[in-house]
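Report on the following structure.
Protein chains: 6
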Amino acid sequence: MRILVMNPNTTASMTASIRATAIAAAAPGTEILATEPLWGPVSIEGHFEGYLSAAAVLDRLATLDTPFDALVMAGFGEPGREGAQELLDVPVLDITESAAQMAMMLGHAYGVVTTLDRAVPQIQDRLLTAGLLQRCAGVRGTGLGVLELEEDPERTVEVIIEAARAVVRAGAEVICLGCGGMAGLDEKVAAELGVPVVDGVAAAVKFAEAVVGLGLTTSRGRSFAPPRPKSIGSWPLSTHLDLGRGRGSSCHTDFSAQTSDI
Amino acid sequence: MRILVMNPNTTASMTASIRATAIAAAAPGTEILATEPLWGPVSIEGHFEGYLSAAAVLDRLATLDTPFDALVMAGFGEPGREGAQELLDVPVLDITESAAQMAMMLGHAYGVVTTLDRAVPQIQDRLLTAGLLQRCAGVRGTGLGVLELEEDPERTVEVIIEAARAVVRAGAEVICLGCGGMAGLDEKVAAELGVPVVDGVAAAVKFAEAVVGLGLTTSRGRSFAPPRPKSIGSWPLSTHLDLGRGRGSSCHTDFSAQTSDI
Amino acid sequence: MRILVMNPNTTASMTASIRATAIAAAAPGTEILATEPLWGPVSIEGHFEGYLSAAAVLDRLATLDTPFDALVMAGFGEPGREGAQELLDVPVLDITESAAQMAMMLGHAYGVVTTLDRAVPQIQDRLLTAGLLQRCAGVRGTGLGVLELEEDPERTVEVIIEAARAVVRAGAEVICLGCGGMAGLDEKVAAELGVPVVDGVAAAVKFAEAVVGLGLTTSRGRSFAPPRPKSIGSWPLSTHLDLGRGRGSSCHTDFSAQTSDI
Amino acid sequence: MRILVMNPNTTASMTASIRATAIAAAAPGTEILATEPLWGPVSIEGHFEGYLSAAAVLDRLATLDTPFDALVMAGFGEPGREGAQELLDVPVLDITESAAQMAMMLGHAYGVVTTLDRAVPQIQDRLLTAGLLQRCAGVRGTGLGVLELEEDPERTVEVIIEAARAVVRAGAEVICLGCGGMAGLDEKVAAELGVPVVDGVAAAVKFAEAVVGLGLTTSRGRSFAPPRPKSIGSWPLSTHLDLGRGRGSSCHTDFSAQTSDI
Amino acid sequence: MRILVMNPNTTASMTASIRATAIAAAAPGTEILATEPLWGPVSIEGHFEGYLSAAAVLDRLATLDTPFDALVMAGFGEPGREGAQELLDVPVLDITESAAQMAMMLGHAYGVVTTLDRAVPQIQDRLLTAGLLQRCAGVRGTGLGVLELEEDPERTVEVIIEAARAVVRAGAEVICLGCGGMAGLDEKVAAELGVPVVDGVAAAVKFAEAVVGLGLTTSRGRSFAPPRPKSIGSWPLSTHLDLGRGRGSSCHTDFSAQTSDI
Amino acid sequence: MRILVMNPNTTASMTASIRATAIAAAAPGTEILATEPLWGPVSIEGHFEGYLSAAAVLDRLATLDTPFDALVMAGFGEPGREGAQELLDVPVLDITESAAQMAMMLGHAYGVVTTLDRAVPQIQDRLLTAGLLQRCAGVRGTGLGVLELEEDPERTVEVIIEAARAVVRAGAEVICLGCGGMAGLDEKVAAELGVPVVDGVAAAVKFAEAVVGLGLTTSRGRSFAPPRPKSIGSWPLSTHLDLGRGRGSSCHTDFSAQTSDI
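Protein chains in written order, with this note's numbering: chain C, 257 to 518; chain S, 257 to 518; chain G, 257 to 518; chain P, 257 to 518; chain Y, 257 to 518; chain A, 257 to 518.
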């Protein structure tokens, strides 16, 4: 099966890191395809950028002509998933919900460590809407912005551990890494904390495999029925924007089959 | 003071109807400015269109060069408000929350009557996130699409009353009209039902006047801090789209001062 | 329109201060009429006094022969509002709910600063019943009794700021002043905190203007149907009590039209 | 021990009926003292009357010079209990909460059958505030007013059974009789329904015996600390009202020791 | 009436201590019968032991041939109660729920002090399922294991007081002793804290007296209907186990009538 | 990897059916090992049997000497999972939670169709404790007992569809089959309903693969720390029971590697 992993921002290095994590998590036979929007913010650190990204992700999905069996949305706490669920016939997994769900399989309560403090209420709201907040013992920021995560990896792990310890004291038995940009740091953090650490990208890839493996997909009967036919001005946006030559085909999308397990 | 009322879809007749309702609600001295996005769907009937509209509304706000003192977002149940709260220094009111809040001032429990059944969970989620769901006795669709509301006004009022009766039986003591396209129908519905009917556009205009009147605005300390400076590709979108000549300045925006009370 | 602002205790200086705040908040054309009960406690600092006050307020309403268009009840956390909603045909606003509702228009979560710690659960219960507790990040006492608030205004502002900082740390993005006796201190507190501060009296006056402005009033269909005709011994109480000559007509009620905006 | 049972309205026949139920429930050695307010409504069917009654009950308590070991407040859904808890050093039981608590000892979910539909939200709010609503499967009115309950006892039992069946269908495994005026009907209703039926008066008497039997009483540390010393105009009200000669000592209070178990 | 008090572990000294507390709480005329399972863990400090104990308790109940009028289950936070409710025709009280319910009669919010920190989420879950968590201000461990409680009584009281102070600071107005092994320590703890302390065993005995006194028992209509007739391998377990001679009749069961009040 | 699937009752035909469903769901390379307790009820239809089964399952786990990488507990709504999580170092999945979690990946709200109506509150309680009830639109019984499910498969599918339609009307967008005995019926039901149908056994197998695939297991830090060393009488039970020769090694355990995908 082929899973499309969508980095919601336009930073290619983050797409690459998310892609690597997804490949490491994928089962033999699962092909990972990673991409990002053709326009929009370089990182998402708030509602405004989240809403732009949601539209940019939907635009990317509307114009991508490669088939895939499931979509993994690799933004943490951002809006957009429900739109993709309407747009696509294949299942859509979100790393916020997937991280929380996997954490709930592993412990009684979980906590989330994220980037900036301003993202905390946004993440809590997504978990609330997803029906997954009840067993959340806390969401805590590290004070690092999304792109700062890559600057000094050692320092990044340190502040994640510090924030994680605080949510463990508040009752968390499992920690979720609350940013796509933290992909790949789970093991280092877990080694220090002594509790399981869930990487949302890895969790979502496994859940995508699970859902596709059972032949299931999004319920189309009510909330996520396909969009009704109607006129949408300038849609898809990227076909109306001057995005530079050849952008649609390169754009950091990585179509190479993953080979990590072979 | 000047209140900008934003119709989230691109249907000019709906902007006009929302504008008329806003003007009727406004106090003497309040100027109503009504507009709509420069691109996007002609109506919003689901998550996908809602997310497109959110970006289109933010785009419209980013490029509008007329000052205003408060924004009223006239979509019901759609996403986007938090983005505008980050983007703007002036207060932002949303007709979903405003309708519910005014209803809670008038009765113990309220109900919402909306368009299609598929919008029901979306509206409930917005009310949940807003912290206003506890006293909601029910949200119910009429089966009419957004643009169908205008087709046969008599039939529209009939089906609204029918749905409203069902939520009253479920405990609602006040009814909220759950679509910007229902603006102006409150009195006809109330006359039949015998309980107060709240038009969200009217409620939001009054609340905007209230907030501005007290010199208050959005808290900028955490959730709705201004966006951090960063690179956003193709932003603002409308300046990169070929939207036709002069579109930016006309576009069904109605700058005329409201005169209903003079 | 004429708004009656009811101080729930019998302390005239507090009525005056509440009246001044209401006048400052009122729009041109809004007349503020402020009064207080004819009997009952000089301040309300608990359930017992709250229940006495509720009856005294209802008694005052039953005997007042001046017409008004809306009632603002200026006690914070006390019972009584629902009784007034049954008794009156005009809308009834309560400063507890109004402060919370306005705060929810301005930020994601709000906090309340009140007088004595013993009032904290009482306020939380009122917000719970009102369906407004979900987004409350905390209610915190200053340790000052209601009448002590007026004794040393500088110290009062200091302790309010200290308590407000604690609820901000707990996630509040907006602060509500949780006592009618704190009316007028909002700006000083806001200047120090850097987040919006809501004065419940001001908020309730604006919401009263909003509700009346739209021609709406309390739903009379279920919870707040008018009292059924029946025998009530010694009612209205004040007509059976020896309250001193002429009390019914003077009693610190201030009928003068507000002129602050002219 | 001596338990004071307070009928919140002034109807002597209801006091007598409540007293009889309390005596039937009491253990040997428990003395039942039943009384009612000296003024106020003949029945309580809404918030307005409930608030008057709360003050009238507190007034009665403030002037009663007979010692007792626990108070049972026999109104269902009305306010007032917290005031009595502040005023008295002895424990205070309320039939609303006691009925719900006993029901929760007997089944997974319970339901309440009450008088008028307008009381339903009021009862739900009391249960919510008491922290007992989660396992409530429904509250349902019979359409009979409080004083109508006594008019045609056979019809009364019939409509109670009909309403009870509806809440059983909604998941209730135990039924609470939701009005002091239904005291004594539990067995007839239970015989028809096949599920336990809880009479709140009986439950509260047993719980009062339980609390007193363990030497426990209301926590005085925070919510229910004694009222602070202060001036309260015209208090206690009954000493300032012209209530007729000797009313304070007779007033349908029944001081006779209960003898049912001897 | 005769109340069977079940210590869920096999430690006879704990049965004795629980029995003594039950006798001290019982009314004249109430006979206390205390026993423990015939097999299973010596103490319960987690889910695994809790589930074993649940089966061992049910086994004990299935083979006990002494009649009783109510069962008090003296484990705190462990599973099993619902099974006994199905198995028995008499009412079943649990000290977790009884402690919480009595605490809610005495104050606005309560807290629980228990043994090991690992039990905290387990207790919270039991209270959640029981519909009693809303007014719980906190559950806190002392760090002492169940059997360590008896080792140094003075130290035990000290650490209980320390933990209790923490939950009082968090808003608890009443403290519940959260382990059957803490039976009898309530007065010492209360004397230090100044708030009521509830011993669950004592509370459950009084509530058993209350329920039996009113002739009520578990609703058999749905959740707690009697088990359906079916084949259960090796049941009752104790009749298939080699438990030693005469174990079934002695086994630390204490049939002597309680005489504390005579 | 090897997944142990535990049928909680002793009915071998049900173990076989659950095993077949698990095998069909398993990925290539996953070995399914299915077994059942050595003693206990032939089916679980209530709390009493559930608690017996919990102990019997733990007993089976304590004595099984075959290694496995994850446990799937195939009872729906029964207790026991937390005990296995303490006992084992490998992850433990439960079909109740797994079904709900997979359903939440596919739609906004889900519903559960189960056997007897008496199981409904039990299932709701498990979902509540698991933090998964918020998005449950309803749990509904078919009226068929567990073993009756196999009697007339056509009728079984019919009544499941009928019950499913009712929860769809209540808002469910996905249906969970709420009994291990319904394993394998998902496709027939889905074909009729037009919404996704989740088989809990299949979901749990996929989630076990996901968790094991990422090298994760239960958090051992708090709720699910290993049992403390202590004396447990007659444990493991099966070694003290006379269960017949060779039972421990045959007992319907099916060790054959699954070959469905080869």
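Built from N, CA and C at the ideal position, the CB exists for glycine as well.
Small disclaimer: the values here were computed from a predicted structure and weren't measured.
Beta carbon of V461 of chain G nearer than 7 Å to that of V453 of chain G = no
Quick one: what's got a C-beta closer than 6 Å to G399 of chain G's C-beta in the same chain, skipping five residues either side?
-> none
Consider the Cβ of I274 of chain S: report whether some Cβ of chain G lies at a distance smaller than 7 Å.
-> no
Determine the direct distance from the alpha carbon of I379 of chain A to that of M360 of chain C, and round the result to whole angstroms.
-> 18 Å
Any idea if M262 of chain S is buried or exposed, counting beta-carbon neighbours within 10 angstroms, 16 or more meaning buried?
-> buried
6 Å Cβ shell around D517 of chain A - same chain, five flanking residues per side excluded | With a pLDDT of 36 at D517 of chain A, under the threshold of 50, the modelled position of that residue is not reliable, and the figure given next carries that caveat. Closer than 6 Å at Cβ, skipping near neighbours: P284.
Can E334 of chain Y and G306 of chain Y be called in contact, C-beta distance under 7 Å?
-> yes
List the residues of chain Y whose Cβ lies closer than 7 Å to the Cβ of E334 of chain P, in chain order.
-> Neighbours of E334 of chain P on chain Y: none; closest Cβ ~18 Å, over 7 Å.
Roughly how many angstroms separate the alpha carbons of L314 of chain S and L344 of chain S, rounded to a whole number?
-> 10 Å
Spatial neighbours of R503 of chain S within its chain, please: CB distance less than 7 Å, with the 5 preceding and 5 following residues excluded, ordered by chain position.
-> For R503 of chain S, the predicted structure reports a pLDDT of 45, less than 50, and the residue's modelled location is therefore unreliable. A value from the coordinates is still provided. Around R503 of chain S: L294.
At a Cβ threshold of 7 Å, is H496 of chain Y touching chain G?
-> no
What are the residues of the segment 441–452 of chain P that lie near chain Y, defined by any Cβ-Cβ distance shorter than 8 Å?
-> G450, V451, P452
Cβ shell of C507 of chain A (< 8 Å), same chain only, five flanking positions each side left out | Low confidence applies to C507 of chain A: its pLDDT is 47, below 50, so where it sits in the model is not reliable enough to give any reading.
For I300 of chain G, name the three-state secondary structure that DSSP assigns.
-> coil
Between the Cα of S269 of chain A and the Cα atoms of A:E407, A:R476, A:R316, which residue gives the shortest distance?
-> A:E407
Residue range of the unbroken beta strand (DSSP E) whose run includes T370 of chain G = 366–370
Starting from M270 of chain G, follow the alpha helix (DSSP H) in both directions and report where the run begins and ends.
-> 268–281
What is the residue span of the beta strand (DSSP E) that V453 of chain Y lies within?
-> 453–455
Tell me which same chain residues have a C-beta within less than 7 Å of the C-beta of A393 of chain A, skipping the five on either side of it?
-> A365, Y366, G367, V423, A426, G427, A428
Selected residue, minimal CA-CA separation from G349 of chain P, among P:P485, P:L260, P:G477 = Note that residue 349 of chain P is Leu in the sequence shown, not Gly. Considering only alpha carbons, the answer is P:L260.
Find the nearest neighbour of F304 of chain Y within the set A:G336, A:G397, A:L388, judged by alpha-carbon distance.
-> A:G336
Close-in-space but distant-in-sequence residues of the same chain around I488 of chain S (CB under 8 Å, 5 per side omitted) | none
Chain-order list of residues whose beta-carbon lies under 7 Å from that of S490 of chain C (same chain, five-residue window excluded) = H496
Length of the line joining the Cα atoms of S299 of chain Y and E410 of chain P | 55 Å
With a Cβ-Cβ cutoff of 7 Å, do H430 of chain G and G471 of chain G count as a contact?
-> The amino acid at residue 430 of chain G is misidentified as His; the sequence shows Val. The answer is no: Cβ separation not under 7 Å.
Quick one: grab the DSSP three-state call for M329 of chain P.
-> strand
Could you check what DSSP says for M262 of chain C in three-state terms: helix, strand or coil?
-> strand
Tell me which same chain residues have a C-beta within less than 7 Å of the C-beta of T277 of chain A, skipping the five on either side of it?
-> A439, G440, D455, V457, A458
Does any C-beta atom of chain C lie closer than 7 Å to the C-beta of Y366 of chain S?
-> no
Under 7 Å by beta carbon: chain Y residues contacting P482 of chain G = Those within 7 Å of P482 of chain G in chain Y number zero; the least Cβ separation is about 33 Å.
What residues in its chain sit with their C-beta under 6 Å from that of A312 of chain P, if we drop five residues either side in the sequence?
-> P293, W295, G296
Compute the beta-carbon to beta-carbon distance between T370 of chain S and F332 of chain S, rounded to the nearest angstrom, for a pair I have assumed lies under 8 Å.
-> 7 Å
In chain order, what residues of the same chain lie with their CB nearer than 6 Å to the CB of T267 of chain C, ignoring the 5 residues before and after it?
-> V298
Which listed residue (Y:A356, Y:I274, Y:R478, Y:V328) has its alpha carbon closest to that of G387 of chain P = Y:A356
What are the complete beta strand (DSSP E) segments, minimum 3 residues, inside the segment 424–504 of chain S?
-> 430–433, 453–455
Reduced DSSP category for E342 of chain Y - H, G, I as helix; E, B as strand; rest coil = helix
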